[in-house]
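*Asks:*
Numbering (the working numbering), first residue to last: 365 to 498.
1) What does the alpha-carbon distance come out to for the pair residue 395 and residue 487?
2) So residue 433 is in the alpha helix (DSSP H); what residue range does that whole segment cover?
3) For a quick check, are the C-beta atoms of residue 389 and residue 453 less than 8 Å apart?
4) Can you name, in chain order, every residue of its own chain whose Cβ lies under 6 Å from the Cβ of residue 448, other than the five neighbours on each side?
5) Could you tell me the distance, in whole angstroms, from the CA atom of residue 445 to the CA atom of residue 420?
6) Identify whether residue 465 lies in helix, strand or coil by the three-state DSSP scheme.
7) Starting from residue 421, follow the alpha helix (DSSP H) in both directions and report where the run begins and ends.
8) In whole angstroms, what separates the C-alpha of residue 433 from that of residue 425?
9) Which residues bound the alpha helix (DSSP H) around residue 391?
10) For residue 374, name the three-state secondary structure that DSSP assigns.
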């Protein structure tokens, strides 16, 4: 029994070591921050940055349009789609619950006008590609 406990502890330690090798959330989010201006009253840094910083947010729309084309859609096709895509690092579940509540409330308030009944559906998965996104 003690060998089982020892093996479990080693597996746990190995798992923690592997998790620590992954990029931290802060390391990823700093890639998208705008570069800060250096204070001109202080001495310049000892070594200049190895490459000029680029605004990764500026690439977001062209990149999304490329993925849209790859999926077989054009930008004008989006107007006919009746869905909300929620993405991001935190709060997707809360945003989806709030949007669902708003849509259901609007549906019941407008139901008396004889319009066709439309259902409101919500689908959320725990992660998009990998459990590390949770």
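C-beta: ideal position from N, C-alpha, C; glycine also.
*Replies:* In terms of the structure at hand:
1) When rounded, the distance between both Cα atoms is 30 Å.
2) Start and end: 424 to 434.
3) Between residue 389 and residue 453, the gap from beta carbon to beta carbon is short of 8 Å.
4) Here the set comprises 463.
5) Taking the straight line from one Cα to the other gives about 28 Å.
6) Annotated three-state conformation of residue 465 is helix, per DSSP.
7) Annotation for residue 421: no alpha helix (DSSP H) segment contains it, and DSSP assigns it neither H nor E.
8) Note on geometry: alpha-carbon atoms of residue 433 and residue 425 lie some 12 Å from one another.
9) From DSSP, the alpha helix (DSSP H) with residue 391 extends over 389 to 393.
10) For residue 374, the secondary structure class from DSSP, reduced to helix, strand or coil, is helix.
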